[in-house]
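Have a look at the structure below, then the notes.
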Ligand SMILES: [Zn+2]
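Residue numbers (my numbering): 251 to 425.
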C-alpha cells in the first residue's frame, strides 16, 4: 500500500481485525519510511450481479445505489446513518447469497421494505409509495392503513402519516 503521507511503498501491518460481521478486514498499517500510520479495508469483490428491471432491462447491481435510496427514504427521519448502512449491508448479503447472478428489482424492493418497516414507518411508506408505483391513490391509502395495524415503536411516527390533528382547532367542550 502506498503511504498517503510520503508515497512510500513499504509498510507493515500492525493490527488486523474484521468488522461488519467478517465482511471486511480492517488493517492498521505503518509506513516503513516515515512511520505514518494509516488504515486500509479489504473486502471480497462481488462477482457481477445483475438487477432485472420491470421492463426487462438488466443493470449491474450497485450497493451504493441501494444505500442512496435507503438514505433518501430515511431523510430527516430519526434513523442513524449506521442503521441505514447496516440495513443496506443486510439486503445486499441476503440477495447476493440467495440469488444466483441476477435478481429482480421487485425482490430487492420487497427486501428493502422489510428493513425499512423495522426502522421507521414514514421511511417505509415513502419508499413503498415510490417503489410499488402505486397505480391508484386507493392502493396507497390501503398500504398506509395496513401499516397502521402493525406494531409501531413510536406513536409520533404514525401521527406524521395522517394529517396532524394538533394543527386543527379542536372543538371546545362546553363548560
Ligand atoms: Zn510514509
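Where a beta carbon is used, it is the ideal one built from N, C-alpha and C, also for glycine.
Practice prompt. Go through the stretch 330-391 residue by residue and report every complete run of the alpha helix (DSSP H) that reaches 4 residues or more, in order.
Written response: 331-348, 355-369, 371-381
Practice prompt. Measure how close the beta-carbons of residue 301 and residue 309 come, nearest whole angstrom, since I'm counting them as under 8 Å.
Written response: 6 Å
Practice prompt. Apply the 10 Å Cβ neighbour rule to residue 342 and answer buried if 16 or more other Cβ atoms are within range, or exposed otherwise.
Written response: buried
Practice prompt. Please classify residue 374: is it buried, with 16 or more other beta-carbons within 10 angstroms of its beta-carbon, or exposed?
Written response: buried
Discussion item. Quick test of your reading: residue 380 and residue 361, contact by CB under 8 Å. State the CB separation rounded to the nearest angstrom.
Written reply: Residue 380 to residue 361, Cβ: 15 Å. No contact.
Fill in: Residue range of the unbroken beta strand (DSSP E) whose run includes residue 312
No beta strand (DSSP E) holds residue 312; DSSP gives it neither H nor E.
Worksheet item: Going by the CB atoms, is the gap between residue 365 and residue 337 shorter than 8 Å?
Response: yes
Discussion item. Can you tell me which residues fall inside 6 Å of ligand 1, judged by beta-carbon distance to its nearest heavy atom, and keep chain order?
Written reply: 253, 255, 256, 258, 281, 283, 284, 286
Discussion item. Between the alpha carbons of residue 339 and residue 251, how many angstroms are there, rounded?
Written reply: 26 Å
Worksheet item: If you compare alpha carbons, which of 357, 355, 263, 321 is closest to residue 276?
Response: 263
Worksheet entry | residue 356 versus residue 314 - alpha carbon distance | 18 Å
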